[in-house]
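Peer 1: Chains as they are written, first to last, in the working numbering: chain A, -12 to 316; chain B, 3 to 305.
We put the beta carbon where it would ideally sit given N, CA and C, even for glycine.
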Amino acid sequence: MKRALNAALFLLILFLGWRFLDWALVRAVWQPDPQACRAASGACWGFIVEKHRLIAFGTYPYEEHWRPGLASLLLIALWVLTALRQRWWVVAAWAAGLVVIGILMWGGVLGLPYVENERWGGLILTLLLTTFGLAIAFPLSICLALGRRSELPVIRAVCVAYIELIRGVPLISVLFMASVMLPLFLPAGVSIDKLLRAQLALILFAAAYLAEAVRGGLQAIPKHQYEAADALGLGYFQKTFLIVLPQALRIAVPPLVGTCIGFFKDTSLVLIIGLFDLLSTIKVSLNDPAWTGFGVEAYLFAAAVYFIFCYSMSLYSRRLEASAGRSLP
Amino acid sequence: MAIQAFAAALVLAAAAYLVFNTLANLEARRIASGFAFLWREAGFEIGESAFAYGAADSYLRALAVGLANTFKVSLPGIAFATVLGTAIGLFRLSGNSLLKNLSSGYVEFIRNVPLLVQLFFWYALITEALPAPREALKPLPGVFLTNRGLFFPTFAGVPELQGFNFAGGGALSPEFAALLIGLSIYTAAFIAEIVRAGVASVPSGQWEAARALGLRQQHVLRHVVAPQALRVIVPPLTSQYLNLVKNSSLAVAIGYPDLVSIANTTINQTGQAIEGVAIIMAVYLTISLAIAALMNWYNARLR
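1) Between which residues of its own chain and Ile293(B) is the CB-CB distance below 6 Å, once the five residues before and five after are set aside?
2) For a quick check, are the C-beta atoms of Val279(B) and Ser160(A) less than 7 Å apart?
3) Are the Cβ atoms of Asn167(B) and Tyr298(A) separated by less than 7 Å?
4) By the three-class DSSP mapping on this structure, what secondary structure does Glu43(B) have?
5) Ordered along the chain, which non-local residues of its own chain (more than five positions away) have a Cβ less than 6 Å from that of Ser203(B)?
6) Can you have a look at Tyr55(B) and say buried or exposed, based on whether 16 or more other CB atoms are within 10 angstroms of its CB?
7) Leaving out five residues on either side along the sequence, give the residues of the same chain with a beta carbon under 8 Å from the beta carbon of Asp264(A).
8) Just list the residues that DSSP pairs Val16(A) with in beta bridges.
9) Give every residue of the same chain whose Cβ lies closer than 6 Å to the Cβ of Thr268(B), excluding the five residues on either side of it in the sequence, and list them in chain order.
10) What does DSSP give as the partner residues of Glu195(B) in its beta bridges?
11) Could you give the DSSP three-state label for Ala144(A): helix, strand or coil?
12) Closest Cβ-Cβ distance between Ile256(B) and chain A: below 7 Å?
13) Going by the beta-carbon positions, is the gap between Ile248(A) and Ser310(A) smaller than 7 Å?
14) Tyr286(B) touches chain A at which residues, Cβ-Cβ below 9 Å?
15) Tell me which residue opens and which closes the beta strand (DSSP E) that Leu163(B) is part of.
16) In chain B, which residues lie with their C-beta within 7 Å of the C-beta of Phe2(A)?
17) Out of Leu171(A), Ile238(A) and Ala193(A), which one is the CA nearest neighbour of Val21(B)?
18) Taking only the alpha-carbon atoms, compute the straight-line gap between Ala291(A) and Ala15(B) and give it to the nearest angstrom.
19) DSSP on Asn167(B), reduced to helix/strand/coil?
20) Helix, strand or coil: which one does DSSP assign to Thr148(B)?
21) When you compare the CB positions of Gly68(B) and Pro259(B), do they come within less than 7 Å of one another, or not?
22) With DSSP run on the structure shown, which of helix, strand or coil describes Asp264(A)?
23) Assign Val254(B) to one of two classes, buried (16 or more other C-beta atoms within 10 Å of its C-beta) or exposed (fewer than that).
24) Check Ser263(B) in the structure and name its three-state DSSP category.
25) Any chance you could list the alpha helix (DSSP H) runs of at least 4 consecutive residues sitting entirely within the stretch 234 to 294 of chain A, in chain order?
26) Determine, for Leu171(A), whether the minimum Cβ-Cβ distance to residues of chain B falls below 7 Å.
27) Which word fits Ile281(B), buried or exposed, when buried means at least 16 other C-beta atoms lie within 10 angstroms of its C-beta?
28) Kindly give me the distance between the Cβ atoms of Val283(A) and Ala180(B), rounded to whole angstroms, as I take these residues to be in contact under 8 Å.
29) For Phe153(B), which three-state DSSP category applies?
30) Is the number of C-beta pairs between the stretch 206 to 219 of chain B and the stretch 178 to 193 of chain B that are closer than 8 Å three or more?
31) Under 8 Å Cβ to Cβ from Pro155(B), same chain only, skipping five residues before and after it: list those, please.
32) Mapping DSSP to helix, strand and coil, what is Pro316(A)?
33) Is Gln208(B) near the ligand NAP, going by C-beta to nearest heavy atom under 6 Å?
34) Identify whether Leu127(A) lies in helix, strand or coil by the three-state DSSP scheme.
35) Answer with yes or no whether the minimum CB distance from Glu277(B) to chain A is below 7 Å.
36) Which first and last residues belong to the alpha helix (DSSP H) in which Gly172(B) is found?
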């Protein structure tokens, strides 16, 4: 009985898998030709081939596409470097890398034409929103997590209220707040562009979630560590930055990486407030009247790209957890 | 004490600065603050609503329709995600390596692709791959799958082709169906991990002891393992339910008229940005707190 069920299941999976492969590969059209695509009964990957420049770079000037391309590769290389080596010179590499990326993206020097950030789009925008979102939210989240565990009731109340408020509402409402409310908060004559507003919302959002991951690490530190630090006569800041945080952050790495993966996925929501991130360029590429009706292919492609990034991060996180498990008693 | 007073003063000063700026800006843009606009005529139609609504009704009623639509998709979503997630979580622990690998693949893939991409995918699949009403798929008698939605018979009547679309019986719009499928499948992957971890947390001695008593597999699960696993499962499950409700706000991207979508339209029409965002945040905070309270009560009962 069990074996028959197993065999039936196996056959069903085989059949569905074959149907999918038949559609996705055997009967698929790879050349960028809408007529051939409509005539064929398989997937139309020609759509992706035709639109790959728009999808990868958005509305960045066509002749200058090598610049966001190079910047994306550089940014990914910096992330990989950070994952593999935790040394002081990685910080220096980031500083230098970000300057190069800034020069590449904006231009205006070294003979590169200036490109305003309204025209940035595609993969580089997703990567930049993630990078700056995490880089600025992380220190903020440490302050929030420490504040939440503080013995001073006012500070604790402010931090708890902030974290719970942000975690209780959807990201969209925070993005709406930044895109429609923020202009009202600023004094007359001061305005922040759309990209920066979205970035600000993402930072505020990420800080609350990262703070909870850091708090988990802080809670895992045994009480005697605090007491030993007190016995040595260390003050609050010495105790926190020399004894508690180094241990807490090491424990918090796996949940922090998990939060980072979630955040990378969440940056796709900036599409709703009209920014050209990777998902948004894919959606816009479907608006071409000659190429309507290939949404299934387009979003499968989007899923594959996001999956590659997120899955590599989660493999890395798993490796970290395994090595942490080995070093602990 | 001095630090606290300083921190409190800093927060208050920042808040006062923002409020002052906002009042000046509202004055300059001639936007009257307050919730009086809620009783004005909305003037827009809503694609689907749980109760009678027309363009002549007030913004308040429009927002109520949106809230009802949020619940209409969230509650079945929670039910489907729980059933699917529990099944997949148990498959991951089963001795059958085929089921195990398949469910692991499901969890890995679904968790590593943004929900918004998945929603767009399901919406594209429904509107592009399904046939027009005239060539509707009929998986069951009286049930029609089309690119205009899913039609099924109810006690009130059966769907019939009239002109270009079906009328009568029950109908699910493509937007609703895409959102419900997307939310259920996405959240199920997270619930599966929670269920797996919960069941795995029960020591193997408990299984062995129950079997040694001569209990059958289903009784072991129901009376020995489940009560212990649920204690581990319930707290993280609560946050998944909350996430599903919050994620239902992505409806705005595929055109399902949920609360956020209607509030967004209201903000665009009236310019009442602060009130609109405040309504969204207040509603979701209330829902979050209510679900948390409900699950805390359930969790307390389990102990």
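Peer 2: Result, derived from the coordinates:
1) Tyr243 and Leu244
2) yes
3) no
4) strand
5) Once the five neighbours on either side are set aside, the close Cβ partners of Ser203(B) are Val234.
6) With 16 or more other Cβ atoms within 10 Å, it is buried.
7) Gly108, Gly109, Leu112, Thr113, Leu116, Thr254, Ser255, Val257 and Leu258
8) Cys31(A)
9) Tyr61 and Gly278
10) None, per the DSSP bridge assignment.
11) helix
12) no
13) no
14) Gly155, Val156, Pro157 and Ser160
15) Glu162 to Gln164
16) Within chain B, no residue comes near Phe2(A); the closest Cβ sits about 14 Å away, beyond 7 Å.
17) Leu171(A)
18) 47 Å
19) strand
20) Here Thr148(B) sits in strand by DSSP.
21) yes
22) In the structure shown, Asp264(A) sits in a strand (DSSP, three-state: E or B).
23) buried
24) helix
25) Unbroken alpha helix (DSSP H) stretches of 4 residues or longer found wholly inside the stretch 234 to 294 of chain A: 265 to 272, given in chain order.
26) yes
27) Counting Cβ neighbours within 10 Å, Ile281(B) comes out buried, since at least 16 surround it.
28) The pair is not a contact, with the Cβ atoms about 12 Å apart (cut-off 8 Å).
29) strand
30) no
31) If we look at Pro155(B) and ignore the five residues flanking it on each side, its Cβ neighbours are Gly144, Val145, Pro161, Gly171 and Gly172.
32) With a pLDDT of only 38 at Pro316(A), under 50, the local geometry of the prediction cannot be trusted, and the value read off the model is given with reservation. Three-state result, Pro316(A): coil.
33) Only the bare structure without any ligand can be found here, which leaves the ligand NAP out of the picture.
34) The three-state secondary structure of Leu127(A), taken from DSSP, is helix.
35) no
36) Premise fails: Gly172(B) lies in the beta strand (DSSP E), Gly172 to Leu174, not in any alpha helix (DSSP H).
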